[in-house]
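To start, the structure under review is shown below, and the notes come after it.
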RNA sequence: GGCGCGUUCGUCUAGCGGCCUAGGACGCUGCCCUCUCAAGGCAGAGAUCACGGGUUCAAAUCCCGUACGCGCCA
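In this note's numbering, the protein residues as written are 533 to 1025.
Encoded structure:
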């Protein structure tokens, strides 16, 4: 195809970027990257949902966090302010803008003049009454389309909407890139309102006008729009325009198979950032929801999604959002990070957990625990006892410290540790193993109590490395504290 | 209600008429490694390919119908 590809992502500014919206944005972006096209971001605020700088700001931030850069559309200034109109040859990129509204009115008038649309004086109430009294009626009965000139004249001056006159015969075929040809009977298409009584355009009309004026070549969107597509195609044709190519993506559902919503936990892309997910994880995971390669590849290196994405790989059936797989994938990406990268990424989460620690202190710990993190929020969770007072986990204490004979082991271990001249991982291992052997205790009998006494938990880093980083003073103090608090038996008051 | 879309392990999916005794991934179970937790390795359970009819020498794959789910319009 010789024409330059232009795709768009057109969210409604109803708040933060929904997971489904993020997926649509991602697929458009991947499509553009794959074929060297241009990405346009357009805010769809026709339905009296005013876009505010705040809502656009949220959407822009989420897209930018996900690493999806748009070539044209509203932009976020370096000072944090939003330029709603946006940058690019077709600005402004939101429909409530005066310049855009003038276009919609112009083309609606053109259709009206050409006899392809007509004025409708029926009110919402009229239509509702007719619907209730005549249950056979499917939608609008088209009565204003059949009005005589005389009757029309009588109505002039009263508020009206403009309806598009759908053909009565034939079929309209949507040649969908993902679902193949889908045919719709024209006589079942409603005479849809293109201009409301208020003078503003309806969604379906504004969408068509904008996509045409912005030279959009491919419309990739959720399949909730598939049923609107034949009507849109009729509009293109009535305006004498070539419609873009369409591709309708299957929807994303929650774990229960119902539409994904707040009930299912985090529903907006931004929330995943706060939960400790990496943008590359969310991108990779979302890509796999509705798209796959023929070898079912799971994890993609940087740049690989862009080079492998294809519209043919898109699936027709809906998918469910699986948080467990998302977490696994995040672990995969986290494990691939260097300690330095981990440090930079986890800083905000350490700060939030009020853990103050120097880079020098953190780096070896991050290296030591590197393969254990699934979320960035796991970093403060796993490292807190290196920087704050130990919080003894009740289960761990009961299981290990309150066992008979443990106090004697800790009592004997303390002076042995105190006497250690060199406090290094290797020396600690040598000394503690030697100590256990000498006393006739099994390794685990000694290791576990020391672990729980010094970290407060049964799971943690490798014991000797942990002790080294904790330092002799803290290790001895914690052993003493643990004995005092949990090992009453065997104590001689 | 009308129209449209969809239906392969619990979940994401591969599959585009013979390579399928249906492959991979998450999760799950067991074993190995091992100072715990992970990670890793290995093994395993798990799908009568929604159901019923056709077409064909041969169907998860093509056609028709039914059911269920979802969407749009009302």
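Each residue gets a CB set at the ideal place from its N, CA and C atoms; glycine is no exception.
Beta-carbon separation (whole angstroms), residue i vs residue j, contact threshold 8 Å
i, j, result
"residue 903", "residue 914", "At roughly 11 Å, the Cβ-Cβ gap does not stay under 8 Å, so residue 903 and residue 914 are not in contact."
"residue 1030", "residue 594", "Because residue 1030 is not part of the residues shown, which for the chain are 533 to 1025, the question remains open."
"residue 716", "residue 704", "5 Å"
"residue 922", "residue 1010", "6 Å"
"residue 737", "residue 767", "7 Å"
"residue 537", "residue 734", "So it is not a contact: roughly 28 Å between Cβ atoms."
"residue 845", "residue 825", "6 Å"
"residue 763", "residue 849", "Contact doesn't hold; Cβ gap of about 25 Å is too wide."
"residue 552", "residue 792", "6 Å"
"residue 1015", "residue 942", "5 Å"
"residue 853", "residue 786", "6 Å"
"residue 640", "residue 694", "5 Å"
Residue i, DSSP secondary structure in three states
i, result
"residue 669", "coil"
"residue 941", "helix"
"residue 1023", "Low confidence applies to residue 1023: its pLDDT is 47, below 50, so where it sits in the model is not reliable, and the reading given next is rough at best. In this structure, residue 1023 counts as coil in the three-state DSSP scheme."
"residue 752", "strand"
"residue 773", "coil"
"residue 865", "helix"
"residue 992", "coil"
"residue 791", "strand"
"residue 912", "helix"
"residue 906", "coil"
"residue 725", "strand"
"residue 855", "helix"
"residue 545", "coil"
"residue 733", "strand"
"residue 703", "strand"
"residue 614", "strand"
"residue 576", "coil"
"residue 683", "helix"
"residue 936", "coil"
"residue 784", "strand"
"residue 834", "coil"
"residue 901", "coil"
"residue 533", "Bear in mind that the predicted position of residue 533 carries a pLDDT of just 47, short of 50, making it unreliable; the figure below should be weighed with that in mind. Residue 533: coil per DSSP, three-state reduction."
"residue 600", "coil"
"residue 639", "helix"
"residue 582", "coil"
"residue 956", "coil"
Bridge partner(s) assigned by DSSP for residue i
i, result
"residue 570", "538"
"residue 823", "846"
"residue 708", "712, 778"
"residue 605", "619"
"residue 652", "693"
"residue 800", "550"
"residue 1001", "According to DSSP, residue 1001 bridges with nothing at all."
"residue 626", "575"
"residue 717", "703"
Short Cβ contact (8 Å threshold) for residue i with residue j
i, j, result
"residue 908", "residue 985", "no"
"residue 925", "residue 989", "yes"
"residue 608", "residue 583", "no"
"residue 555", "residue 821", "yes"
"residue 869", "residue 877", "yes"
"residue 572", "residue 612", "no"
"residue 620", "residue 708", "no"
"residue 718", "residue 696", "no"
"residue 815", "residue 598", "yes"
"residue 888", "residue 957", "no"
"residue 1002", "residue 949", "no"
"residue 574", "residue 560", "no"
"residue 765", "residue 643", "no"
"residue 562", "residue 799", "no"
"residue 565", "residue 838", "yes"
"residue 578", "residue 732", "yes"
"residue 1012", "residue 971", "no"
"residue 998", "residue 987", "yes"
"residue 866", "residue 891", "no"
"residue 796", "residue 859", "no"
Q: Could you say if the stretch 638-651 and the stretch 613-630 meet the contact criterion of at least three C-beta pairs nearer than 8 Å?
A: Under the Cβ criterion (8 Å, minimum of three pairs), the stretch 638-651 does not count as touching the stretch 613-630.
Q. If we count Cβ pairs, one from each stretch, closer than 8 Å, do we get three or more for the stretch 575-593 versus the stretch 754-771?
A. Between the stretch 575-593 and the stretch 754-771 there are fewer than three C-beta pairs closer than 8 Å, too few to call the two in contact.
Q.
Between the stretch 666-682 and the stretch 743-750, can you find at least three pairs of beta-carbon atoms closer than 8 Å?
A. No, they do not touch.
Q) Below 8 Å, can you find three or more Cβ-Cβ pairs linking the stretch 555-575 to the stretch 824-834? A) Too few Cβ pairs lie closer than 8 Å, so no.
(Q) Taking contact to mean 3 or more Cβ pairs, one atom from each stretch, closer than 8 Å, check whether the stretch 764-781 and the stretch 658-668 are in contact. (A) Flag = no, the stretch 764-781 and the stretch 658-668 do not touch.
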